[in-house]
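Undergrad:
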Amino acid sequence: MLETSFFDRPSDVVAPELIGKIVWRAGVGGGRLTEVEAYLPLGDPACHGARGMTRRNRALFGPPGTIYIYLSYGVHVLLNLVCDRESVASAVLVRAFEPLEPIDLMARNRGLDPRALHLRDLSRGPGRVGQALGLDLRIDGLPLGTASGVALLDDGERPPVGSSSRVGISEGTELQLRFYWEGSGYLSRGGKLRRGDER
DNA sequence: TAAACGATTAGCT
DNA sequence: GCTAATCGTTTAT
């Protein structure tokens with residue numbers, strides 16, 4: 665499992681290194697990260713912490729390795745991994761992963777039939793990631809590990825990583841803070857690359 | 001206390 | 001490509 669020290673660095677440094685790592689929820693399942701986005705504490709208007717701490721974003725200011733979960737559009741549960749030192753609002757949003765066996769429980773969480781499943785649709789897109797892993801607001805603010813039941817593992821996989829602008833935001837669009845597994849078939853559909861967007 | 005707004009997705013055209 | 005769904009947080013009155 666990745667140590668706290670791994671996350672105790674700026675999120676734009678941590679994010680590309682997370683590609684290929686395994687996210688795993690105890691008793692549920694998980695897969696290899698294929699797409700993430702970094703949110704910065706300074707000069708990033710899209711970061712939830714840009715205007716200070718509130719009840720909702722409190723976990724974002726926690727120590728590195730904290731889980732920050734919030735509800736998007738009143739519907740979707742989005743998973744973030746808090747980076748940098750405590751009190752610095754910096755995190756990585758998990759946008760997609762390539763599923764690893766077994767997928768039955770994740771498929772069930774998504775309301776899909778495991779036998780008639782389009783594997784690519786299981787966990788690409790941040791809302792689908794939260795749903796597949798069965799996450800909810802109760803683990804917001806908990807650390808990675810046994811307390812939250814969510815872990816990140818490194819088995820030495822080192823895939824090629826590309827970058828682009830982030831998805832679904834209206835400010836800070838000039839920053840190239842989305843990182844993805846080049847050539848992966850498990851990327852969110854919202855992430856269609858614009859011409860010249862690649863690094 | 002009220003109103004507006006999403007770091008989205010699914011379903012339909 | 002377009003939009004309804006859906007609700008907690010934030011911001012304005």
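Numbering follows this note's numbering, with no gaps: position 56 of the first sequence is 720. Note that beta-carbon positions come from the ideal geometry of N, C-alpha and C, so glycine has one too.
The beta strand (DSSP E) that contains residue 699, what's its start and end?
TA: The sequence position of residue 699 within the first sequence is 35, counting from 1. Residues 693-703.
Undergrad: So is residue 855 buried or exposed if we call it buried at 16+ other beta carbons inside 10 Å?
TA: To locate residue 855, count along the first sequence from 1; it is residue 191. Any reading at residue 855 needs caution, since the residue's pLDDT is 48, under 50, leaving its predicted position unreliable; the model's value is listed next. Burial call: buried.
Undergrad: Which residue comes first and which comes last in the beta strand (DSSP E) that contains residue 827?
TA: By one-based count along the first sequence, residue 827 stands at place 163. 825-828 is the span of the beta strand (DSSP E), which, as asked, contains residue 827.
Undergrad: Report the three-state DSSP secondary structure of residue 744 (helix, strand or coil).
TA: Residue mapping note: residue 744 aligns to position 80 of the first sequence, counting from 1. Looking at residue 744 - three-state DSSP - the assignment turns out to be strand.
Undergrad: Here's a check: name, in chain order, each residue in its chain whose Cβ is nearer than 6 Å to the Cβ of residue 732, leaving out the five neighbours to either side.
TA: For the purposes of this step, residue 732 is taken as the residue at position 68 of the first sequence. Excluding residues within five positions, the ones whose Cβ falls inside 6 Å are 723, 724, 744, 746, 755.
Undergrad: How many whole angstroms separate the CB atoms of residue 759 and residue 687, which I take to be in contact at a CB cut-off of 8 Å?
TA: Along the first sequence, one-based indexing puts residue 759 at 95. Along the first sequence, one-based indexing puts residue 687 at 23. Not quite, the Cβ-Cβ distance comes to about 11 Å (not below 8 Å), so this is no contact.
Undergrad: What is the rounded straight-line gap between the Cα of residue 807 and the Cα of residue 773?
TA: Translated into positions along the first sequence, residue 807 becomes position 143. Translated into positions along the first sequence, residue 773 becomes position 109. Roughly 23 Å separates the two Cα atoms.
Undergrad: Please report the Cβ distance between residue 666 and residue 685, rounded to the nearest whole angstrom; I am assuming they are in contact, meaning their Cβ atoms lie under 8 Å.
TA: Mapped onto the first sequence, residue 666 falls at position 2. Mapped onto the first sequence, residue 685 falls at position 21. At roughly 7 Å, the Cβ-Cβ gap stays under 8 Å, so residue 666 and residue 685 are in contact.
Undergrad: Rounded to the nearest angstrom, what separates residue 815 and residue 752 at their Cα positions?
TA: On the first sequence, residue 815 is found 151 positions in, with the first residue counted as 1. On the first sequence, residue 752 is found 88 positions in, with the first residue counted as 1. Computed Cα separation, rounded: 22 Å.
Undergrad: Just to confirm my understanding: we take residue 675, look at its own chain, exclude 5 residues before and 5 after, and list those with CB closer than 7 Å. What are they?
TA: Walking along the first sequence from the start, residue 675 turns up at place 11. Excluding residues within five positions, the ones whose Cβ falls inside 7 Å are 702, 703, 704, 747, 748, 754, 755, 756.
Undergrad: Could you spell out where the beta strand (DSSP E) holding residue 736 opens and where it closes?
TA: For this step, residue 736 is matched to residue 72 along the first sequence. First-last of the beta strand (DSSP E) with residue 736: 731-736.
Undergrad: May I ask you to report which of helix, strand or coil DSSP gives residue 716?
TA: Taking the first sequence and counting its residues from 1, one reaches residue 716 at position 52. Three-state result, residue 716: coil.
Undergrad: Mapping DSSP to helix, strand and coil, what is residue 755?
TA: In the first sequence, counting from the first residue as 1, residue 755 sits at position 91. In this structure, residue 755 counts as strand in the three-state DSSP scheme.
Undergrad: Tell me whether residue 778 sits in a helix, a strand or coil according to DSSP, three-state version.
TA: Translated into positions along the first sequence, residue 778 becomes position 114. DSSP places residue 778 in helix when its eight states are reduced to three.
Undergrad: Specify the secondary structure class of residue 686 as computed by DSSP and reduced to three states.
TA: As a first step, residue 686 is located in the first sequence; it is residue number 22 there, counting from the start. The answer is strand: DSSP assigns residue 686 an E or B state.
Undergrad: Taking the alpha-carbon positions, what's the residue 812 to residue 671 distance?
TA: Residue numbering aside, residue 812 sits at position 148 when the first sequence is read from its first letter. Residue numbering aside, residue 671 sits at position 7 when the first sequence is read from its first letter. Near 16 Å, if we compare the C-alpha coordinates of residue 671 and residue 812.
Undergrad: Run through DSSP, which three-state label would residue 739 get?
TA: Within the first sequence, numbered from 1, the residue matching residue 739 stands at position 75. It is coil, neither helix nor strand.
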